[in-house]
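Working notes for the structure below.
There are 2 protein chains.
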Amino acid sequence: MVIVYGSSLALLLSLLQIMELRFIIYDHAFEVYAGLLALLFTGIGIWLSVKLTAPRVERIVVEKKVFTDRSAPFLADEEALAKLGISLRELAVLELMAQGLSNREIAASLFVSLNTVKTHAARLFEKLDVQRRTQAVERGKARGLIR
Amino acid sequence: MVIVYGSSLALLLSLLQIMELRFIIYDHAFEVYAGLLALLFTGIGIWLSVKLTAPRVERIVVEKKVFTDRSAPFLADEEALAKLGISLRELAVLELMAQGLSNREIAASLFVSLNTVKTHAARLFEKLDVQRRTQAVERGKARGLIR
DNA sequence: ATAAAAATCACCCTAAAGTATGAATCGATC
DNA sequence: GATCGATTCATACTTTAGGGTGATTTTTAT
Numbered sequence: 006m007v008i009v010y011g012s013s014l015a016l017l018l019s020l021l022q023i024m025e026l027r028f029i030i031y032d033h034a035f036e037v038y039a040g041l042l043a044l045l046f047t048g049i050g051i052w053l054s055v056k057l058t059a060p061r062v063e064r065i066v067v068e069k070k071v072f073t074d075r076s077a078p079f080l081a082d083e084e085a086l087a088k089l090g091i092s093l094r095e096l097a098v099l100e101l102m103a104q105g106l107s108n109r110e111i112a113a114s115l116f117v118s119l120n121t122v123k124t125h126a127a128r129l130f131e132k133l134d135v136q137r138r139t140q141a142v143e144r145g146k147a148r149g150l151i152r
Numbered sequence: 006m007v008i009v010y011g012s013s014l015a016l017l018l019s020l021l022q023i024m025e026l027r028f029i030i031y032d033h034a035f036e037v038y039a040g041l042l043a044l045l046f047t048g049i050g051i052w053l054s055v056k057l058t059a060p061r062v063e064r065i066v067v068e069k070k071v072f073t074d075r076s077a078p079f080l081a082d083e084e085a086l087a088k089l090g091i092s093l094r095e096l097a098v099l100e101l102m103a104q105g106l107s108n109r110e111i112a113a114s115l116f117v118s119l120n121t122v123k124t125h126a127a128r129l130f131e132k133l134d135v136q137r138r139t140q141a142v143e144r145g146k147a148r149g150l151i152r
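What follows is the structure, given as structure tokens:
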């Protein structure tokens, strides 16, 4: 690179020598030379900078929060479901619990008796290792069982 | 920028004039001037390049699935809070409800009696227009009162 | 200073939730 | 055909939640 720099400087100087022979020398010859030099080497500087410096890349990492899409079809985490041994009915009960339904309403919604909902709930709580429906909902969401 | 450029050129020229008066003029005076000029304006060119070129911005969007952001500090929606007329204590009860605590546990957590928790809960339900704690939690999240 | 809102607690009662145990039915699997 | 898991339901009991009412004490705002 030093070579390029040096030789371009030499080239310029000889160019100026030739010019000096060819054109009339007037009062402001020096200023003209200096201006030309300045322009040329400013250009060279820019060129050097652009060519030699690593491309400046400003990396902006934007965290985009995607809270579980409510419109898209939700698929329960099958793995977690299997691992915990939670049945489809128990999951259904959990889903309705998460929607704020009472056991009676869940029973009506699933066309089963209140007692049935209670047994499902009890087994669900056991499998999720919780004591209350609010905890079950919380854990169910954390495990990807419900949205 | 043109002003800076022009004035620095003028400055250099006058500097050289002064130098010319002060020091002896030898054979390679011109080459020295030219070299100095070249160096200076190469530097200016580089500086210009670095300063003026816009950095290439690489925007990386990382989609982060967040069901509830537990790490970031959460601020309850003050507007919604005020609009519904929910007090700080009621909000506290709601938060603990959302964590699955029973009224008794909430009472212990807030150092108040069970009855107090019940009154807070009752008023909260009234203001949120719900009948059950599970619904309150759901609605509270939807309104941005809790996370 | 006083009125309003917030926070506290109590008592009573009903409804809902949760626990425990037992049992019948059905489908799949061995 | 026996076994197992899932689903269904029942009865009995305890605990928790929720509704209604009233009251006292702070705190806050006018």
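Heads up: the sequence lines are chains A and B, in that order.
Number 152 marks the last residue of the first sequence (the numbering used here); no jumps.
Number 152 marks the last residue of the second sequence (the numbering used here); no jumps.
Using N, Cα and C, we set each Cβ at its ideal position, and we do this for glycine too.
Residue i classed as buried or exposed, judged by whether at least 16 other C-beta atoms fall within 10 angstroms
i, result
"Ala103 of chain A", "buried"
"Ala87 of chain B", "exposed"
"Arg109 of chain B", "exposed"
"Leu106 of chain B", "buried"
"Ala147 of chain B", "exposed"
"Leu80 of chain B", "exposed"
"Leu93 of chain A", "exposed"
"Glu100 of chain A", "buried"
"Glu95 of chain A", "buried"
"Glu131 of chain B", "exposed"
"Gly90 of chain B", "exposed"
"Ser54 of chain A", "buried"
"Glu83 of chain B", "exposed"
Three-state secondary structure assigned by DSSP to residue i
i, result
"Ser19 of chain A", "helix"
"Gly50 of chain B", "helix"
"Ala43 of chain A", "helix"
"Ala81 of chain A", "coil"
"Val150 of chain B", "Inspection of the sequence shows that residue 150 of chain B is occupied by Leu rather than by Val. It is coil, neither helix nor strand."
"Val66 of chain A", "Note on Val66 of chain A: pLDDT 49, under 50, position unreliable in the model; no value is reported."
"Val71 of chain A", "Since pLDDT at Val71 of chain A reaches only 47, below the 50 mark, its modelled position is unreliable, and the value read off the structure follows with that caveat. Val71 of chain A falls in the strand class under three-state DSSP."
Inter-residue CB distance, residue i and residue j (contact presumed, cutoff 8 Å)
i, j, result
"Val98 of chain A", "Val122 of chain A", "6 Å"
"Leu119 of chain B", "Ala112 of chain B", "5 Å"
"Leu133 of chain B", "Gly145 of chain B", "7 Å"
"Arg138 of chain B", "Thr139 of chain A", "6 Å"
The ligand MN heavy atom lying under 7 Å from the CB of residue i
i, result
"Gln140 of chain B", "This structure simply doesn't include the ligand MN, nor any ligand for that matter."
Inset, instruction - Entirely within the segment 94–148 of chain B and at least 3 residues each: give me those beta strand (DSSP E) ranges in chain order. - result: none
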